Each structure stands twice: as structure tokens, then as C-alpha cells.
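The structure under discussion appears below in the form of C-alpha cells.
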Amino acid sequence: MSDRPSAPKSRPAAPEATYAPVGRASLLGLLQQPKYRHLRLRALIAVGSGLIVGIPLWSWRLGLVAAIIAAIADTVYRARTASSVAPWRRASAAERRTEAQLRKLERNGYLTLHARAIPDSDAQIDHLVVGPTGVYAVDSEKWDKRLPVRVQSHRKLFHGPFNQKPRLDEARWEASQASELITRALDREVTVVPSLAIYGPAIPWKILNIREVDVFDGGRVRKWITNRERSLTSEEVDEIYTAAEQVLPPRYPEN
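In terms of full-length UniProt numbering, the sequence shown opens at residue 1 and continues consecutively.
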């Protein structure tokens, strides 16, 4: 996570998008693109497995079966471990763990944007979730598990001796900025609920609202989102998601 900005910073103008003609695009040309690297690797794994099994046994059928099994295994593995944010761009393992949980909500009508920037600042919303129960900004944190987490008067959050007021203020500010931007884009009020998902130390409560930010153990992300009354239709979810995608640019845009 980046620190809350002390002063707005100007953002460079985004380069104009360029589009290559697709009429003559070949399969080989597509596979040479960086975003299809995983398909090239999958093909190599399948071919290698087929040769390893098929040649010694003198059976192209067994080789084909081995290749298919290898391709399926690679697909399943990547589906469970892959992130929509490139590895060198990820801020923390905590974000990957939250992302894996949120991915399971997609079948229930939830849509998620990861690593979205607040314009004119260095701040970032780790995960913005839009679904039937509302709109949520989730900041993921990995803290030292050796230090206890405690609260004083429901207003002060401590990790060991360290006061986490700046983190709470940052999470609240990010959510309020997202709310303002989406509200302005849709010309109707959209509330974004701020939260802090903590991994590492034991959290001695289920969900606690501290300084207007919901704080909980990272493993409770899905329950925190789904255990609420439905307030948005599928059309509203799509509309808010589209607006959020436009007003909250990716922290790490594709080149």
C-alpha cells in the first residue's frame, strides 16, 4: 500500500490506444503477444508430456491422453493461483489472498476491480467490490503476527505499540474519494464502504467498525460482504462497476 498523499500530483496524459488489424491475425501471431505467454507454456507442457509418455510406449494415443491431462492440470493450477495483477506489480501477498477470496464471489453477481488508483494522488484501493449487497473498498494488510492487535474505546487501533490511525484514515479517505467520483459519474449517490482486511496476527473480534472503517481478519472478506441485505439490482451493479472502471484508473496500466 502506498501512503496517503500529502499533496495532489499531476498525472501524465494517457497515450492514445493503438489497434492492430485483426483480419489477418494468425494464431501464431496472437500467441506471440505477452498476455498469451501462459498459453505458450501450456502448449509446451502438453507437447512435452505427450512425447515423454508416447515415445517410450510407442503409442500416439497414450501420448495424446498425457498431453490432454497435462493441459487440463496446468489450466486448473493457474485458475487457482493466478492473479489478474501481474506478479511484479503486486504490492503484497495479502492482496493476492484477498483477490482469491473475491474471485469466488463472481458466481453470485459480484464484480471486482483490483489495484485501482485515486486520480491525482499516490493512493490506491486494493480491491473495489460491487455486488448485490453494495459497494466496498477493501485494503489488504499483512502484519507481523508476533504483535497483538487491540482497540481502545472503539476509536484507536494498535498493532503492538503502533497506532494505526493513519491506515484507518487512509482507508476511509480512499473510499470517500471513490464514492465522490462514482457519484459524480452517475449523477446519483453511491456509498463505498471502507474496510481493512488484516492477515497475520489474531484478530480478537469478528468485524469491528473503528473510525468508520470495518476492520476484520482477512479470512472474513467474503462473509463481511455477503452477510448484508441486498440493495442493488444486477443492472445497478453493472452500471456502478462500469463507472468505477472509468473513474478509478488501474494503478499499473497495461503497456
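Virtual Cβ for every residue (Gly too), placed ideally from N, Cα, C.
Keep in mind that this is a model prediction, so the values were computed, not measured.
Next item on the list: Buried or exposed for Pro253, please, with buried defined as at least 16 other CB atoms from any protein chain shown within 10 angstroms of its CB.
Entry: Counting from one through the sequence shown, the residue named residue 253 turns up at place 253. Exposed is the call here.
Margin query: In the DSSP assignment, the beta strand (DSSP E) including Gln152 goes from what residue to what residue?
Written below: Start at 1 with the first residue of the sequence shown, and residue 152 comes out as number 152. From DSSP, the beta strand (DSSP E) with Gln152 extends over 149 to 152.
Check: Grouping DSSP H, G and I as helix and E and B as strand, with all else coil, what is Glu141?
Finding: In the sequence shown, counting from the first residue as 1, residue 141 sits at position 141. Reduced to three states, the DSSP call for Glu141 is strand.
Next item on the list: Could you spell out where the beta strand (DSSP E) holding Ser195 opens and where it closes?
Entry: Counting from 1 along the sequence shown, the entry for residue 195 is found at position 195. It spans 192 to 199 - the beta strand (DSSP E) in which Ser195 sits, taken as one unbroken run.
Next item on the list: State the Cα-Cα distance for the pair Ala202 and Asp126, rounded to the nearest angstrom.
Entry: For the purposes of this step, residue 202 is taken as residue 202 along the sequence shown, with counting starting at 1. For the purposes of this step, residue 126 is taken as residue 126 along the sequence shown, with counting starting at 1. Taking the straight line joining both Cα atoms gives about 22 Å.
Next item on the list: Can you tell me which of the three DSSP states Pro161 falls into?
Entry: Walking along the sequence shown from the start, residue 161 turns up at place 161. Three-state DSSP puts Pro161 in coil, outside helix and strand.
Next item on the list: Use the C-beta contact count for Ile55: other C-beta atoms within 10 angstroms, 16 or more gives buried, fewer gives exposed.
Entry: The count along the sequence shown starts at 1 and reaches residue 55 at position 55. With fewer than 16 Cβ atoms within 10 Å of its Cβ, Ile55 is classed as exposed.
Notebook entry, point to check: Apart from the five residues just before and just after Thr98, which ones in its own chain have a Cβ nearer than 8 Å to its Cβ?
Noted result: Taking the sequence shown and counting its residues from 1, the one referred to as residue 98 is at position 98. Asp126, His127, Val138, Ser140, Ala197, Gly218, Val221.
Next item on the list: Whole angstroms is fine: what's the gap from Ala178's alpha carbon to Thr233's?
Entry: Position 178 of the sequence shown, counted from the first residue, corresponds to residue 178. Position 233 of the sequence shown, counted from the first residue, corresponds to residue 233. The straight-line gap from Cα to Cα measures roughly 20 Å.
Item checked: Three-way DSSP call (helix, strand, coil) for Gly134 in this model -> By one-based count along the sequence shown, residue 134 stands at place 134. Here Gly134 sits in strand by DSSP.
Note to self: Does Pro250 come out as helix, strand or coil in the three-state DSSP assignment?
What the structure shows: Looking up residue 250 in the sequence shown gives position 250. In the structure shown, Pro250 sits in a strand (DSSP, three-state: E or B).
Check: Since Ser231 and Thr133 are thought to touch, with beta carbons under 8 Å apart, how far apart are those beta carbons, to the nearest angstrom?
Finding: As a first step, residue 231 is located in the sequence shown; it is residue number 231 there, counting from the start. As a first step, residue 133 is located in the sequence shown; it is residue number 133 there, counting from the start. Contact flag correct, Cβ pair sits at about 6 Å.
Checklist line | Inter-stretch contact (C-beta, 8 Å, three-pair minimum) for the stretch 158 to 171 and the stretch 142 to 150 | finding: yes
Notebook entry, point to check: So, helix, strand or coil for Glu239, using DSSP?
Noted result: Counting from one through the sequence shown, the residue named residue 239 turns up at place 239. Glu239 falls in the helix class under three-state DSSP.
Notebook entry, point to check: Which value, in whole angstroms, describes the spacing of the CA atoms of Glu212 and Glu106?
Noted result: Stepping through the sequence shown from its first residue, residue 212 is reached at position 212. Stepping through the sequence shown from its first residue, residue 106 is reached at position 106. One C-alpha to the other measures close to 27 Å.
Notebook entry, point to check: Considering only residues of the same chain and omitting the five flanking positions on each side of Asp214, which have a CB-CB separation below 6 Å?
Noted result: Position 214 of the sequence shown, counted from the first residue, corresponds to residue 214. Contacts found: Ser195, Ile207.
Note to self: Within the continuous beta strand (DSSP E) that includes Ile207, where are the two ends?
What the structure shows: Counting from 1 along the sequence shown, the entry for residue 207 is found at position 207. From DSSP, the beta strand (DSSP E) with Ile207 extends over 207 to 210.
Note to self: What residue range does the beta strand (DSSP E) around Ala115 cover?
What the structure shows: Within the sequence shown, numbered from 1, the residue matching residue 115 stands at position 115. Where Ala115 is concerned, the enclosing beta strand (DSSP E) stretches over 111 to 117.
Margin query: On the DSSP bridge list, what partners appear for Val129?
Written below: Taking the first residue of the sequence shown as position 1, residue 129 is located at position 129. DSSP lists Thr112, Tyr136 as partners of Val129.
Notebook entry, point to check: In chain order, what residues of the same chain have a beta carbon less than 8 Å from the beta carbon of Arg184, not counting five sequence neighbours either side?
Noted result: Position 184 of the sequence shown holds residue 184. Excluding sequence neighbours, Arg184 sits near Val247.
Notebook entry, point to check: Residues in its own chain within less than 7 Å of Tyr241 by CB, not counting five upstream and five downstream?
Noted result: The residue labelled residue 241 in the question sits at position 241 within the sequence shown. Closer than 7 Å at Cβ, skipping near neighbours: Leu111, Val130.
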